[in-house]
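A short worksheet on the structure shown next.
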């Protein structure tokens, strides 16, 4: 087996930080997530409640819902045992997310995921039932400062039953990590916003769950300057005030097949 395979498989040896046990099923995909900005804004729970399917309970922190805008870079994306492919395995990605519970388990609920790879978008929409959208994106770095741009390609069909058109959404942001690296502690807002090891999605009236694993996030405080941010506009929301910001150099991840629950 390749060194790349062993690199990802070795993450399974470090799992004491997880809120629930590792899946007994074999993982099917590996990915590297790099240079992430976690930018979160608090919202009144009732504002977010109407945007999330009724089957999910909102997961709140001190009575507030949080919506995150998370730009980063994907690399080494490949099925287990297979090598990375230049046309599929390396691209910027950007997600808009909130936090939910289903049958008591905490996870991430994605409002949208933009990616600069039409093959990845097609496969994720088809196989994972996730609201991926095609976008023109770039990320550059100079002396630890990241310049990130994303422009969704026009109006695209949602995964909702009515296949409604989703409006454009753009992001232009510069960001960097500041200070020493730390790991979040249970009960803190930082832990609540980042330490999530499954996603939930609803499609055609059915709930699906996707489990992931990685080592605990190596976090830093962050600085960011948003020149353009209309990522929440399709939700009918406008970010208010300064966001809660975190940066991480990234983690190696493994993923399991999405499953009906």
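Residue numbers (our numbering): 13 to 273.
Backbone N, C-alpha and C define an ideal beta-carbon position, used for all residues, glycine too.
Is residue i helix, strand or coil when you go by DSSP?
i	result
residue 167	coil
residue 184	strand
residue 22	helix
residue 257	strand
residue 233	strand
residue 113	strand
residue 130	helix
residue 88	strand
residue 73	strand
residue 61	helix
residue 194	strand
residue 144	strand
residue 136	helix
residue 272	strand
residue 225	strand
residue 50	strand
Per DSSP, residue i is paired with what?
i	result
residue 107	82 and 125
residue 159	152 and 186
residue 213	220
residue 45	86 and 263
residue 56	76
Roughly how many angstroms lie between the CA atoms of residue i and residue j, to the nearest whole one?
i	j	result
residue 112	residue 119	6 Å
residue 134	residue 220	18 Å
residue 97	residue 104	15 Å
residue 68	residue 117	10 Å
residue 271	residue 188	36 Å
residue 130	residue 39	24 Å
residue 179	residue 185	20 Å
residue 86	residue 193	21 Å
residue 92	residue 164	30 Å
residue 109	residue 217	20 Å
residue 81	residue 155	23 Å
residue 33	residue 24	11 Å
residue 123	residue 191	31 Å
residue 14	residue 232	31 Å
residue 63	residue 247	7 Å
residue 90	residue 74	38 Å
residue 95	residue 102	12 Å
residue 132	residue 56	33 Å
residue 225	residue 121	16 Å
residue 209	residue 31	8 Å
residue 196	residue 211	20 Å
residue 256	residue 50	8 Å
Please classify residue i as buried or exposed, where buried requires at least 16 other C-beta atoms within 10 Å of its C-beta.
i	result
residue 167	exposed
residue 152	exposed
residue 54	buried
residue 26	exposed
residue 106	buried
residue 45	buried
residue 260	buried
residue 223	buried
residue 149	buried
residue 162	buried
Spell out whether any CB of chain D is found under 8 Å from the CB atom of residue i.
i	result
residue 109	Absent here is chain D; the protein component of the structure consists of one chain.
### Three CB pairs or more closer than 8 Å across the segment 201-213 and the segment 247-254
no
Can we say the segment 15-29 touches the segment 258-266, given the rule of at least three CB pairs closer than 8 Å?
-> yes
Q. For the 8 Å Cβ check, are there 3 or more pairs between the segment 231-242 and the segment 136-148?
A. no
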